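A quick write-up on the structure given underneath.
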Amino acid sequence: MSGCSTITTLFPRCLTSFLFAYTGIVTILSVDVVPSELIALVVLGLIVLCLYTYAKVIYSGAGSPLDFPELRINDIQAAEDGIELPPRFLSQRSFTLKHNGRFRFCRTCRVWKPDRCHHCSACNKCFLKMDHHCPWFPVCIGFNNQKYFMQFLIYTTFYAIMIFYLSGSQILNWIKEKQYERETINLPLLVVWLLSVVISISLIAFTSYTGYMLTRNQTTIEMYEHTYKRDQLEVYNDSRRIENESSENIFDLGSRIANWECVMGRSWLELLLPMPRKAQVQSRHTLEEKGLFFKVNNDVYQAINTSRDLQEQLMRRLTPRSSSEANRF
1 MSGCSTITTL
11 FPRCLTSFLF
21 AYTGIVTILS
31 VDVVPSELIA
41 LVVLGLIVLC
51 LYTYAKVIYS
61 GAGSPLDFPE
71 LRINDIQAAE
81 DGIELPPRFL
91 SQRSFTLKHN
101 GRFRFCRTCR
111 VWKPDRCHHC
121 SACNKCFLKM
131 DHHCPWFPVC
141 IGFNNQKYFM
151 QFLIYTTFYA
161 IMIFYLSGSQ
171 ILNWIKEKQY
181 ERETINLPLL
191 VVWLLSVVIS
201 ISLIAFTSYT
211 GYMLTRNQTT
221 IEMYEHTYKR
231 DQLEVYNDSR
241 RIENESSENI
251 FDLGSRIANW
261 ECVMGRSWLE
271 LLLPMPRKAQ
281 VQSRHTLEEK
291 GLFFKVNNDV
301 YQAINTSRDL
311 QEQLMRRLTP
321 RSSSEANRF
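Take the sequence shown: its letter number 312 is residue 312 in full-length UniProt numbering, and every next letter is one higher.
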C-alpha cells in the first residue's frame with residue numbers, strides 16, 4: 001500500500017466499521033417487531049461475515065509480480081531492446097504482448113508483467129489480474145482477493161437488505177399503531193433506515209455488475225480496454241475494408257459457470273464461506289493458480305492467430321517490393 005497516505009487508508013476502514021457497528025446496534029436495540037434474540041443472531045452473524053471478508057480483502061491483497069523473484073528485471077534497457085527475456089514459464093503461456101510484439105514489463109516496479117497484470121498509480125505497484133483500486137478498503141482488487149471481494153459484496157448486500165426490512169418494519173408499525181400520537185419517531189432508527197435504502201440500492205447495482213463481470217471472466221480494466229480496442233478496430237476495418245484481429249475476450253472460457261468457478265470455486269462451501277479455493281490449495285506447491293497465467297478460450301485463440309496470419313499475408317502483398325525482387329519475375 002505504499003503511495004497511500006495514512007488518512008486515505010484509515011478513514012474508509014474506520015468509516016466502514018462504524019457503519020456496520022452503528023446500524024447493527026441501533027437495529028438490535030430499537031426493533032421489537034421481531035424477537036430480539038433472532039435479530040441479534042442474524043444481524044451479528046452477518047456483521048461478523050462482512051467484517052471478516054473485509055479484512056480478508058485487505059490482508060490477502062491482490063497479489064503482485066514482485067512476490068516472485070524470478071520475474072524481476074536486471075536491466076530495463078535490455079528488456080526494452082529484447083535482449084533480456086522473461087522466464088520461460090511465463091513467456092510460453094503469455095497471450096497479451098506489447099504493440100511491438102515484445103513481452104510486457106513495468107519500468108517502475110522493474111518486473112515482467114504476466115497477462116492481466118497492471119500497475120496501480122494509487123498504490124504505485126503492479127498487481128496480478130488487477131480489477132480496480134477500491135477506495136473503500138483501500139486496496140487493489142485482483143487475483144488473490146477477488147473472491148473475498150465478491151463475497152463481501154454479497155454479504156453486505158444481504159445485510160443492508162436485512163437492516164432495511166427490520167428498520168422499515170419497525171417504522172411502519174409505529175405508523176400503523178399511531179404511536180406518533182404519543183411519542184416521536186426514533187430518530188436513530190430513521191437514520192439507519194435511510195442509510196439502508198441508499199446503500200441497498202447502490203450495493204444491489206454494484207454487486208450485480210461485479211457478478212456479471214465474473215461470469216464473463218473479465219476485469220474492469222479489461223472491459224475498458226476491450227471497448228477501446230473494439231472502437232479502434234472498427235475504425236481500422238472501415239478504413240482498410242478488411243477483417244482485423246478479433247476483439248473477443250480470450251479469457252472467456254465460453255461458459256458463465258466455468259468463468260464463475262474460476263474465481264469463486266466449484267462447491268457451495270467455497271462459494272458461501274471466505275476460504276481459499278480448493279484449486280489454489282491443491283496447487284500451492286506449483287506455479288499454477290498463482291495469477292501468473294490463465295486458461296484461455298481455444299476458439300478465440302485460434303481465431304486471433306488466424307486473423308494475425310491473414311493480416312501478415314495482406315501486409316506483405318501491399319508492401320512494395322525492391323527492384324531486385326521485382327526483376328526476378
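Ideal placement from N, C-alpha and C gives every residue a C-beta, glycine not left out. As the structure is a computational prediction, the values presented were derived from the model and not from experiment.
Just so you know, the alpha carbons of Y59 and I7 end up roughly 18 Å apart.
Three or more Cβ pairs drawn from the region 86 to 101 and the region 283 to 294 lie within less than 8 Å of each other, which places the two stretches in contact. By the neighbour-count criterion, in which 16 or more other beta carbons inside 10 Å mark a residue as buried, V198 falls on the exposed side. The DSSP-derived three-state label of I73 is coil. About 11 Å separates the Cβ atoms of M150 and T215, ruling out a contact at the 8 Å cut-off. With fewer than 16 neighbouring CB atoms inside 10 Å of its own CB, K178 falls in the exposed class. Counting the other Cβ atoms within 10 Å of the Cβ of Y180 gives fewer than 16, which makes it exposed. It is roughly 22 Å from the alpha-carbon of V139 to the alpha-carbon of L271. In the structure shown, K295 adopts coil according to DSSP, grouped into three states. H226 and N249 do touch by the CB rule: their CB atoms are close to 6 Å apart, below 8 Å. Shown here for I163: same chain residues with a beta carbon closer than 6 Å to its own, the five before and five after excluded, namely T23, T27 and S196 in chain order.
F105 sits in a strand when the DSSP states are folded into three classes. When Cβ pairs closer than 8 Å are counted between the two stretches, the region 45 to 65 is seen to touch the region 126 to 136, the count reaching three or more.
Close CB contacts of L46 within its chain, under the 8 Å cut and outside five residues either way in sequence, are with Y155, F158, Y159 and M162 (chain order).
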